[in-house]
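To keep things clear, I will list the structure first and then write my remarks on it.
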Amino acid sequence: MPLSEHEQRLFEQIEQSLAEDPKFASAVRASDPRFHARRRLLLAVGVIAVGLALVVYGTVTELTLLGVAGFVVMLGAAAFAMHSHRKAQSPDLRVVGGTTSRRTRGRRMSFVDRLEERWRQRPEGHR
Numbered sequence: 000m001p002l003s004e005h006e007q008r009l010f011e012q013i014e015q016s017l018a019e020d021p022k023f024a025s026a027v028r029a030s031d032p033r034f035h036a037r038r039r040l041l042l043a044v045g046v047i048a049v050g051l052a053l054v055v056y057g058t059v060t061e062l063t064l065l066g067v068a069g070f071v072v073m074l075g076a077a078a079f080a081m082h083s084h085r086k087a088q089s090p091d092l093r094v095v096g097g098t099t100s101r102r103t104r105g106r107r108m109s110f111v112d113r114l115e116e117r118w119r120q121r122p123e124g125h126r
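At position 78 of the sequence shown the residue is numbered 77 (numbering that gives the first Met the number 0), and the sequence of numbers has no breaks.
What follows is the structure in structure tokens.
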């Protein structure tokens, strides 16, 4: 249902007053999972750089164990970065007091999605 002009003006005034409040902006940013995922992603990139430095240093000094350790650090940081990136891209599906459903985001529904939708919409007497 669309908002009336009066409701839209009130909504814009509330939005503007909240945007000007630095405490509110920092509180919202702190609770945003994308903010934390982005920070973890930057941390992982830094650790990958450290791991690469360990690999290079281990190769130059012929310390094989140090080079292997650097590679393991790089691999772990890359896995952590991928996990953080996926977590930032996925919607938060926790809903308090409600139900969640899949969103198709404009793409075609797969065969399994269509079957699940049919199953949810079946009459109660048929199982």
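Just so you know, even glycine gets a beta-carbon here, dropped at the ideal spot from N, CA and C.
Check, Outcome
"Under the three-state DSSP convention, the category E14 falls into", "helix"
"Cβ contact (3+ pairs, closer than 8 Å) linking the segment 33–50 and the segment 68–86", "yes"
"Whole-angstrom distance between E4 and R93, CA atom to CA atom", "The predicted position of R93 is uncertain, since its pLDDT is 48 and thus under 50; a value taken from the coordinates is nonetheless stated next. In a straight line, the C-alpha of R93 is about 33 Å away from that of E4."
"Distance between L2 and E123 (C-alpha atoms, nearest Å)", "36 Å"
"Pick from L17, R85, L62, F110 that is closest to H143, judged by C-alpha positions", "Absent from the structure is residue 143, since the part of the chain shown begins at 0 and ends at 126."
"Contact set for Y56: own chain, Cβ-Cβ below 7 Å, skip 5 residues either direction", "L65"
"C-beta atoms of F10 and L17 nearer than 7 Å", "no"
"Endpoints, alpha helix (DSSP H) assigned at Q120", "Here Q120 belongs to no alpha helix (DSSP H), and DSSP marks it neither H nor E."
"Distance CB(L41)-CB(A80) smaller than 7 Å", "no"
"Close beta carbons around V72, own chain, < 7 Å, minus the five adjacent residues each side", "V46, V49, G50, L53"
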